[in-house]
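K.L.:
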Amino acid sequence: MSRISDGGPLIAVMPFQSLSTDSENEYFSDGLAEEILEALSGLQGLTVESRASSFSFKRKLAEVSEIGGKPRVANLLQGSVRTPPGSR
3 MSRISDGGPL IAVMPFQSLS TDSENEYFSD GLAEEILEAL SGLQGLTVES
53 RASSFSFKRK LAEVSEIGGK PRVANLLQGS VRTPPGSR
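In my numbering, the protein residues as written are 3 to 90.
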């Protein structure tokens, strides 16, 4: 597994879950997770799991302990995105 490494604690940024039926929201949620991953990879003292490794869990039901055990991460960032009612 590839890592963006600075030698510090390891974090995995998981793909954000889209809570909307709008397919465009899924692109936004993936992009948001990627932007956060990139921002974190620029911090000294932190190692970030690669996008390929983190996004391999997309659309898979897995327990947090199972996900954390795969890349041996110390920290796991998860999130969700939804479109506010009436915004479209």
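Backbone N, C-alpha and C define an ideal beta-carbon position, used for all residues, glycine too. Since the structure is predicted, the reported quantities are computational estimates derived from the model, not experimental observations.
Please classify Leu-39 as buried or exposed, where buried requires at least 16 other C-beta atoms within 10 Å of its C-beta.
P.N.:
For the purposes of this step, residue 39 is identified with residue 37 of the sequence shown, where counting begins at 1. With 16 or more other Cβ atoms within 10 Å, it is buried.
K.L.:
Within a Cβ cutoff of 7 angstroms, which residues of the same chain sit near Phe-57, ignoring the five residues on either side of it in sequence?
P.N.:
Residue numbering aside, residue 57 sits at position 55 when the sequence shown is read from its first letter. These residues qualify, in order along the chain: Pro-17.
K.L.:
Assuming Ser-31 and Val-83 form a contact by the criterion Cβ under 8 angstroms, report the distance between their Cβ atoms to the nearest whole angstrom.
P.N.:
Counted from its first residue, the sequence shown places residue 31 at position 29. Counted from its first residue, the sequence shown places residue 83 at position 81. That pair is a contact at about 4 angstroms.
K.L.:
Does Met-3 pass the burial test, meaning 16 or more other C-beta atoms within 10 Å, or should it be called exposed?
P.N.:
The sequence position of residue 3 within the sequence shown is 1, counting from 1. Model confidence at Met-3 stands at a pLDDT of 41, short of 50, so the residue's coordinates are unreliable; what they give is reported in the following sentence. Exposed, by the Cβ-count rule.
K.L.:
Go ahead and pull the three-state DSSP assignment for Leu-45.
P.N.:
As a first step, residue 45 is located in the sequence shown; it is residue number 43 there, counting from the start. In this structure, Leu-45 counts as coil in the three-state DSSP scheme.
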